[in-house]
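A short worksheet on the structure shown next.
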């Protein structure tokens with residue numbers, strides 16, 4: 002039994018002072034504001050619920066920042082070729098240290114859980130490993146080494162494009178039909194500690210019939226994620242092939258509910274966004290990757306107006322800081338609408354609005370009982386200290402300033418399931434994980 | 002006489018290996034690539050020309066991140082009210098430690114010079130200090146303490162709006178007519194080590210007649226900066242009042258040349274941008290502030306097509322990292338155009354294209370013979386080390402990755418005018434400057 006005594010904690014209805022938080026077996030047992038003088042481990046600063054990262058492709062980190070040239074990097078589709086080349090080189094031995102390093106950096110960025118959208122299943126020639134879950138098991142091992150809570154989303158990937166186009170070269174490692182994915186998910190649920198979910202790659206890669214079978218076969222078992230409406234070309238082909246844009250088609254053809262995460266939804270229109278919001282599905286926004294790839298800007302005000310759930314994902318993992326990711330989300334929207342503080346609403350603070358909503362959406366999409374500081378939920382916390390400018394200000398201003406004015410990564414201490422993983426900005430296993438990652442990169446480059 | 006021996010240095014035609022750089026009296030005396038084995042202070046990593054920060058309002062840092070709420074922070078104009086409140090509290094005693102801290106953090110972010118757009122001249126009631134340059138002298142002292150090269154732009158501010166509207170409350174401290182500004186500039190040039198320039202606040206605040214007199218009186222003496230076309234409301238009023246949008250009007254009514262910096266130009270149209278490019282004027286882009294304030298997105302491709310000069314400014318100082326600022330510039334453009342690598346051109350790397358162009362434009366706008374690694378220019382350098390992913394890759398990839406995939410601020414060592422100010426990410430006077438800043442903030446908050 003652990004007791005934390007936080008100067009300030011972000012509860013459902015706002016910041017409260019001197020909050021005593023009891024923790025046992027990885028979960029919050031009680032939350033008592035105004036407990037000044039109580040006995041507990043003092044937490045100087047602001048205790049926030051940890052952020053759930055709802056969309057990651059861990060292997061994409063290994064080429065972060067290495068496709069920023071016109072030659073072969075001019076658009077999303079040529080970037081995808083570079084991504085296929087990186088995917089082709091990954092091995093089960095190298096995947097664990099990559100995931101460990103990524104998990105460590107995500108923790109330092111304020112994320113306490115990560116949903117890994119995993120489709121890198123097979124040998125480079127497309128044949129399964131002797132153990133079909135070999136690559137997935139490496140991700141589990143890597144996340145455990147870092148101490149980040151993993152949600153492993155098992156990918157279904159059947160076709161190279163709309164209408165059942167065959168898989169080509171780089172896609173063979175991803176090939177996974179519905180039966181295989183369901184079997185892998187069941188097996189992983191038994192054999193590992195991760196939350197297990199389903200990753201329907203996209204309407205490009207999963208046929209309508211397979212989508213139906215996958216959803217029927219997995220209903221009630223965990224989160225279901227799908228990439229939708231990231232690129233205009235994808236939307237246009239979807240309209241041509243299926244008769245509707247991806248989000249509208251999906252809402253018409255699948256029982257989308259709160260277990261779903263619609264990743265990107267960049268080019269969904271306001272009606273699709275409002276319809277999606279009514280289902281309880283979480284919109285998975287990935288601001289840094291969507292900017293990096295030139296995807297475009299999501300109609301966030303439409304989502305807010307419909308009270309839609311959303312969260313953030315680090316996706317291609319070029320940016321690993323939840324505070325910076327949320328700032329970029331709001332900055333993109335400020336530039337889109339030419340106004341300030343888009344997320345703040347009529348009376349709110351941008352920092353709190355963004356953090357609370359994204360933490361709830363992220364936890365839901367990760368299938369983890371977390372995302373708020375409340376009894377019964379996971380003891381996943383991020384502690385920030387005020388910037389120099391926000392020192393002595395009310396805590397809402399301190400959170401705003403951490404997100405919109407910090408000169409270094411704001412997360413100071415990070416706890417996952419009751420255990421500190423990061424103290425004073427340093428991970429408990431920093432050096433070992435760094436050297437493992439460098440060795441893996443060297444091996445990948447060879 | 003100092004000799005640096007850099008693993009790689011970014012020269013005009015690209016990265017060269019084993020570059021021996023001679024430095025004497027603060028300037029580069031010779032540059033010799035392929036000097037493997039020569040005697041010199043080894044610089045591990047990539048030696049880049051230091052970045053000139055072409056637009057800063059130092060006092061605005063003190064409320065960084067503290068206006069991110071709907072109440073009073075909903076748009077640019079209400080943000081401006083908060084800015085006036087912060088300006089009202091500044092004193093000569095507090096300005097120096099604020100500038101010192103800002104300068105230190107800018108150095109750590111890869112900037113080696115800063116053009117301070119200075120209009121906070123007078124006592125809160127608008128009366129001049131006994132020494133008219135009191136506030137300017139504090140900025141000079143602060144910049145010297147940090148070791149950043151300062152360009153002090155003396156503000157002209159006569160009116161509260163187009164058509165000569167009177168100054169109101171918060172603007173009285175800024176009030177400065179042309180004669181006063183020219184006298185202050187002359188005096189500062191004699192009495193301090195900074196480069197001195199002229200800051201015409203805007204076409205709102207400076208009448209056509211005064212603009213003409215200021216430009217005639219200052220021609221050939223240093224850089225001339227002006228805020229233009231940041232907000233649509235400003236452009237509309239300018240068209241109403243002066244009969245043309247601000248950039249077009251300016252180009253028609255002033256002998257704009259390479260000494261000029263047009264700050265923002267956010268809503269300039271393609272013709273205005275092309276016309277401005279032909280004059281040699283530098284466009285002063287401030288991506289983080291323009292995003293924070295919801296200004297909008299500049300037509301950067303029009304500027305590139307016209308071979309226009311540009312640089313970056315930290316402006317309201319919410320973001321103090323040149324690499325992140327340039328990433329945000331390209332990200333905004335990627336989102337605007339829905340394509341990748343906007344700055345890279347047909348064959349280039351985004352990192353190099355952005356850094357080289359912005360360093361040249363920044364140096365020009367700062368009126369400093371710098372911005373390239375070449376004989377005769379100031380020995381202003383930033384050293385970066387490759388990210389884990391870019392280790393062993395060609396240096397162009399390492400610069401790309403520093404800008405687009407780094408998980409911490411890339412600048413490791415920073416030299417200004419031949420003297421190291423930052424080593425291994427730490428400023429030579431970090432603790433003292435930090436404590437001075439905290440004390441100043443406390444005094445400002447009281």
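Chains as they are written, first to last, in the numbering used here: chain C, 2 to 447; chain E, 2 to 447.
Where is the CB? At the ideal position from N, CA and C, for every residue including glycine.
Shorter than 8 Å from the beta carbon of residue 384 of chain E to some beta carbon of chain C?
Residue 384 of chain E does not count as touching chain C.
Quick one: what's got a C-beta closer than 7 Å to residue 208 of chain C's C-beta in the same chain, skipping five residues either side?
Taking residue 208 of chain C as the centre and dropping the five residues before and after it, the same chain places the C-beta of 159, 160 and 165 closer than 7 Å to its C-beta, in chain order.
Check whether the Cβ atoms of residue 189 of chain C and residue 197 of chain C lie closer than 8 Å to each other.
Result yes, Cβ atoms of residue 189 of chain C and residue 197 of chain C sit closer than 8 Å.
Local conformation of residue 128 of chain C per DSSP, three classes
Here residue 128 of chain C carries a coil assignment [DSSP, helix/strand/coil].
Going by beta carbon distance, what residues of the same chain come within less than 7 Å of residue 492 of chain C, once the five residues before and after it are set aside?
Residue 492 of chain C lies beyond the stretch modelled for chain C, which goes from 2 to 447, so this question has no answer here.
To test your reading of the DSSP string, which unbroken alpha helix (DSSP H) runs of 4 or more residues are found completely within the segment 357-421 of chain E?
Listed in chain order, the complete alpha helix (DSSP H) runs (minimum 4 residues) inside the segment 357-421 of chain E are 396-405.
Taking 8 Å as the cut-off, decide whether the C-beta atoms of residue 397 of chain C and residue 50 of chain C are in contact.
No. Outside cutoff.
Can you confirm whether residue 80 of chain E, when its beta carbon is compared against all beta carbons of chain C, has any partner nearer than 8 Å?
Taking 8 Å as the threshold, the shortest C-beta distance from residue 80 of chain E to chain C falls below it.
From residue 320 of chain C to residue 184 of chain C, what distance separates their C-alpha atoms?
About 33 Å.
Starting from residue 262 of chain E and walking both ways along the beta strand (DSSP E), at which residues does that stretch end?
Residue 262 of chain E -> beta strand (DSSP E) spans 261-265.
Contact the segment 390-407 of chain E vs the segment 63-73 of chain C: 3+ CB pairs below 8 Å
Pairwise C-beta distances place the segment 390-407 of chain E in contact with the segment 63-73 of chain C, as three or more of them are shorter than 8 Å.
With a 10 Å radius around its C-beta and 16 neighbouring C-beta atoms as the bar for buried, classify residue 322 of chain C as buried or exposed.
The residue in question, residue 322 of chain C, is buried, as its Cβ has 16 or more Cβ neighbours within 10 Å.
By Cβ distance, which residues of its chain are closer than 8 Å to residue 76 of chain C, with the 5 residues on each side in sequence left out?
Short of 8 Å from the beta carbon of residue 76 of chain C, and not among the five residues preceding or following it, lie these beta carbons of its own chain, in chain order: 295.
Across which residues does DSSP place residue 43 of chain C in a beta bridge pair?
Paired residue(s): C/6.
Proximal residues to residue 309 of chain E (C-beta, below 7 Å), its chain only, five neighbours per side dropped
If we look at residue 309 of chain E and ignore the five residues flanking it on each side, its Cβ neighbours are 274, 277, 278 and 284.
To the nearest angstrom, how far is it from the Cα of residue 138 of chain C to the Cα of residue 13 of chain E?
Those two C-alpha atoms are separated by around 49 Å.
Measuring CB atoms only, is the segment 426-441 of chain C touching the segment 97-106 of chain C, in the sense that at least three cross pairs come out at less than 8 Å?
Between the segment 426-441 of chain C and the segment 97-106 of chain C, the count of C-beta pairs closer than 8 Å reaches three or more; the two stretches touch.
Residues that DSSP places opposite residue 311 of chain C in a beta bridge:
Beta-bridge pairing links residue 311 of chain C to C/284.
Excluding the 5 residues preceding and the 5 following residue 352 of chain E in the sequence, name in chain order all residues of the same chain whose CB lies nearer than 6 Å to its CB.
Excluding residues within five positions, the ones whose Cβ falls inside 6 Å are 400, 401 and 404.
Just to confirm, is the Cβ distance from residue 116 of chain E to residue 140 of chain E under 8 Å?
If you check the CB distance, residue 116 of chain E and residue 140 of chain E do not come in under 8 Å.
Rounded to a whole number of angstroms, what is the C-alpha to C-alpha distance between residue 84 of chain E and residue 287 of chain E?
Each residue's alpha carbon lies about 17 Å from the other.
Assess contact between the segment 8-27 of chain C and the segment 366-386 of chain E, defined as three or more Cβ pairs (one per stretch) separated by less than 8 Å. Is contact present?
The segment 8-27 of chain C vs the segment 366-386 of chain E: no contact.
So that I know if they touch, is there some Cβ in chain C lying closer than 8 Å to that of residue 134 of chain E?
At a cut-off of 8 Å between beta carbons, residue 134 of chain E makes no contact with chain C.
Ends of the alpha helix (DSSP H) at residue 242 of chain E?
Its alpha helix (DSSP H) spans residues 233-243.
Just to confirm, are residue 1 of chain E and residue 314 of chain E a CB contact at a threshold of 8 Å?
Outside the shown range of chain E, which is 2 to 447, sits residue 1 of chain E, and nothing can be said about it.
Are the C-beta atoms of residue 140 of chain C and some chain E residue less than 8 Å apart?
Not closer than 8 Å to any Cβ of chain E, the Cβ of residue 140 of chain C fails to qualify, so no.
For residue 68 of chain C, three-class secondary structure by DSSP:
In the structure shown, residue 68 of chain C sits in coil (DSSP, three-state: anything other than H, G, I, E or B).
Check the Cβ-Cβ distances between residue 214 of chain E and every residue of chain C, and say whether any is below 8 Å.
So no, residue 214 of chain E is outside the interface.
Tell me, please, whether the CB atom of residue 351 of chain C is closer than 8 Å to any CB atom in chain E?
Interface criterion met: the Cβ of residue 351 of chain C is under 8 Å from a Cβ in chain E.
Can you find a C-beta in chain E that's less than 8 Å from the C-beta of residue 66 of chain C?
Among the CB atoms of chain E, one or more fall inside 8 Å of the CB of residue 66 of chain C.
7 Å CB neighbourhood of residue 110 of chain C in its chain, flanking five on each side removed:
321, 322, 323, 410 and 412.
Within this structure, are the beta carbons of residue 312 of chain E and residue 281 of chain E separated by less than 8 Å?
At the C-beta level, residue 312 of chain E and residue 281 of chain E stay beyond 8 Å of one another.
Where residue 337 of chain C and residue 302 of chain E are concerned, what is the direct C-alpha to C-alpha distance, given to the nearest angstrom?
Answer to the nearest angstrom: the Cα atoms are 18 Å apart.
Roughly how many angstroms lie between the CA atoms of residue 343 of chain C and residue 298 of chain C, to the nearest whole one?
C-alpha separation (whole angstroms): 13 Å.
If we count the other Cβ atoms within 10 Å of its Cβ and call it buried at 16 or more, is residue 91 of chain C buried or exposed?
Label assigned to residue 91 of chain C: buried.
For residue 216 of chain E, count the other beta carbons within 10 Å of its own beta carbon; 16 or more makes it buried, fewer makes it exposed. Which is it?
Buried.
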